[in-house]
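What follows is a single structure, written as structure tokens, with notes after it.
Numbering (my numbering), first residue to last: 9 to 308.
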């Protein structure tokens with residue numbers, strides 16, 4: 009097989025694909041050799057975070073009380089290097105700050121500060137994630153142990169990615185947090201925006217198809233089932249018919265709420281403390297604390 013007889017066709021296509029003006033915003037132009045964040049390195053970063061939070065379950069299976077300090081030290085050092093590289097890439101990609109683009113030392117120092125702050129937060133992240141594991145275990149009669157929850161439940165992987173991404177976002181790291189939560193989305197079918205605010209003892213049962221929007225606020229001891237959407241209604245447009253950014257447009261879910269499968273909660277409404285939302289319900293108005301909102305039973 010030879011491409012020679014099609015050379016003219018291929019050459020014409022190459023010219024069209026290389027037309028810079030046709031790309032508009034569909035390209036990334038490297039100005040001084042900066043690179044995009046690496047999906048492969050971010051996967052490694054997530055794996056190391058999981059191994060630091062759940063040692064023995066992720067990473068090396070040979071962790072014991074005698075070598076835990078050694079494994080933790082090695083992984084923390086690897087994580088620091090990866091964080092500095094990827095935070096630097098994210099900062100260069102998402103900012104036009106000439107200082108960061110022209111001063112590699114200042115860029116590296118800023119990335120190192122954010123990396124250290126993130127790693128320093130990992131003990132607290134482990135504590136919060138342990139509450140999520142407990143909520144998942146206590147809320148599922150099929151769970152035989154917390155070890156099973158950590159190893160098998162996709163929700164734990166998705167929530168772990170979310171809590172990693174959310175912390176990076178609060179530290180002012182651009183782009184990287186969204187990539188991390190989208191990796192969990194691809195892995196588990198659970199879509200949690202890194203900007204959402206989620207309390208402790210958070211449980212997602214089964215999980216496939218769950219969507220949690222960027223401005224959602226979720227309290228403590230909340231449980232969602234598969235297919236639940238915490239989404240937005242129609243949003244205002246600017247004079248150019250583009251969506252106005254930064255508006256709180258997703259639900260507030262207060263403490264101790266249960267939302268059953270395929271319920272859709274839309275808009276900046278409040279689901280009051282202790283409320284129960286039944287399955288396959290479309291909710292666009294506030295729900296009072298303790299209220300049970302279920303479908304009307306079919307008449308006999």
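Yeah, the Cβ is synthetic: ideal placement off N, Cα and C, and Gly gets one too.
For clarity, every value in this text was computed on a predicted model and none was experimentally measured.
Starting from residue i, follow the alpha helix (DSSP H) in both directions and report where the run begins and ends.
i, result
"residue 231", "Residue 231 -> not in any alpha helix (DSSP H); beta strand (DSSP E) instead, spanning 231-233."
"residue 56", "47-61"
"residue 21", "15-25"
"residue 77", "76-102"
"residue 139", "112-146"
"residue 158", "154-160"
Using DSSP's beta-bridge definition, name the partner residues of residue i.
i, result
"residue 219", "199 and 237"
"residue 226", "206 and 261"
"residue 245", "251"
"residue 66", "63"
"residue 295", "279"
"residue 284", "266 and 300"
Would you grab the beta carbon distance between residue i and residue j for me? Rounded to a whole angstrom, and I think it's under 8 Å.
i, j, result
"residue 215", "residue 296", "Not confirmed; about 28 Å, so no contact."
"residue 294", "residue 277", "5 Å"
"residue 131", "residue 174", "16 Å between Cβ atoms; not a contact."
"residue 161", "residue 144", "6 Å"
"residue 172", "residue 198", "Residue 172 to residue 198, Cβ: 14 Å. No contact."
"residue 271", "residue 223", "Actually they are not in contact, since the Cβ atoms of residue 271 and residue 223 sit about 18 Å apart, beyond 8 Å."
"residue 217", "residue 239", "That pair is no contact at about 12 Å."
"residue 315", "residue 209", "With the chain running from 9 to 308 in the structure shown, residue 315 is simply not present."
"residue 168", "residue 61", "7 Å"
So, for residue i: in the same chain, excluding its five sequence neighbours on each side, which residues have a beta-carbon less than 7 Å away from its beta-carbon?
i, result
"residue 148", "213"
"residue 8", "Past the boundaries of the shown model lies residue 8; the chain is included only from 9 to 308, so the question cannot be answered."
"residue 177", "185, 202 and 203"
"residue 165", "192, 195 and 196"
Tell me the residue span of the beta strand (DSSP E) that contains residue i.
i, result
"residue 211", "211-213"
"residue 183", "Where residue 183 is concerned, there is no enclosing beta strand (DSSP E), given that its DSSP letter is neither H nor E."
"residue 44", "Unbroken run through residue 44: none, as it is neither H nor E."
"residue 277", "First-last for residue 277: undefined, no H or E at that position."
Going by other Cβ atoms of all chains shown within 10 Å of its Cβ, with 16 needed for buried, is residue i buried or exposed?
i, result
"residue 59", "buried"
"residue 50", "buried"
"residue 181", "buried"
"residue 248", "exposed"
"residue 211", "buried"
"residue 200", "buried"
"residue 74", "exposed"
"residue 221", "buried"
"residue 102", "exposed"
"residue 262", "buried"
"residue 14", "exposed"
"residue 119", "buried"
"residue 123", "buried"
Can you name, in chain order, every residue of its own chain whose Cβ lies under 6 Å from the Cβ of residue i, other than the five neighbours on each side?
i, result
"residue 205", "225"
"residue 292", "274 and 275"
"residue 268", "233, 286 and 287"
"residue 282", "264, 297 and 298"
"residue 64", "71"
"residue 67", "59"
Near residue i, which residues of its chain fall below 8 Å by C-beta distance, leaving aside the five closest residues on each side in sequence?
i, result
"residue 307", "With a pLDDT of 44 at residue 307, under the threshold of 50, the modelled position of that residue is not reliable, and no figure is offered here."
Residue i CB to nearest chain C CB: under 8 Å?
i, result
"residue 271", "The chain labelled as chain C is not found in the depicted structure, where only one protein chain is given."
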